[in-house]
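Residue numbers (the working numbering): 14 to 276. Beta carbons are placed, not taken as given, at the ideal position from N, Cα and C, and that holds for glycine. Remember, predicted model here, so these are calculated numbers, not experimental data.
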């Protein structure tokens, strides 16, 4: 069955999207790519991308063959739907001139072609640790392993205390379509995140990066590593590796952050 998104009751958050940005925005246009807000009409297409591309390639999910476990896939999609769209700051990259790139509505008859996705939400000091009470409703052992790992890496550093800020943007899934990889799409999504952060007065961004590819993109984009855990050090109570089939080039999970400069 998995998580029923309709039954996920998240507590009220301190941060609300500013009134001056009540309408969806385009945050970046560069090299024939448009990076814009994910609106409700785009959500099903973005979730389809995350469920077929991200969950296939993200190291922890890849090691557990999540893509071949429909119940776990649906559970992760439900969690994203409940947690990463409520703040209205998740973004998608589309090729200029294609459906949705000019803020036009998309549909089954006018579907977008997803270039890349960056799921984002805001964490404020005093908010419940995201994603709130979602973990209480998780049924998939695979998702529980991922949440357990996030809990452990989160202990590495407290951004609120380390940087003296009251809020930051949290990344919750960065993905680029295979045919667009190696073309700088990850950096464009990062640049759009920084532009969005500046516009909304959010001084920091923080992300747990699980793949060497995204870790390189983050370092190139000005992130600093606050700490990491080697995948070979993640073990269950019986001493067995938590992710035994990890691709050999994926060695660590990293907690990274970047202060947003105001230009």
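Item                                                                                                                                                                         : Value
By Cβ distance below 6 Å, which residues in the same chain neighbour residue 144 in space, the five residues on each side in sequence not counted?                           : Here the model assigns residue 144 a pLDDT of 48, short of 50, so the residue's position is not dependable, and the following value carries that caveat. So the list reads 96, once near-sequence residues are dropped.
Just how far apart, CA to CA, sit residue 88 and residue 154?                                                                                                                : 11 Å
What are the uninterrupted segments assigned as alpha helix (DSSP H) that are 4 or more residues long and contained completely in the stretch 164–215, given in chain order? : 172–176 and 198–212
What are the partner residues of residue 223, as DSSP defines its beta bridges?                                                                                              : BP columns for residue 223 are empty, so no partner.
Which term fits residue 183, buried or exposed, when burial requires 16 or more other beta carbons within 10 angstroms of its beta carbon?                                   : buried
Among 185, 237 and 166, which has the Cα closest to the Cα of residue 246?                                                                                                   : 166
If I'm right that residue 131 touches residue 47 with Cβ under 8 Å, what's the distance once you round it to whole angstroms?                                                : About 13 Å separates the two Cβ atoms, so there is no contact after all.
Contact check, residue 40 vs residue 135 under 8 Å by CB: the rounded distance?                                                                                              : That pair is no contact at about 15 Å.
Does the contact criterion of 3 or more C-beta pairs under 8 Å hold for the stretch 65–73 versus the stretch 192–202?                                                        : no
Bridge partners of residue 50, per DSSP?                                                                                                                                     : 104
Less than 8 Å between C-beta atoms, sequence neighbours within five positions excluded: which residues of the same chain meet that for residue 179?                          : 137, 138 and 173
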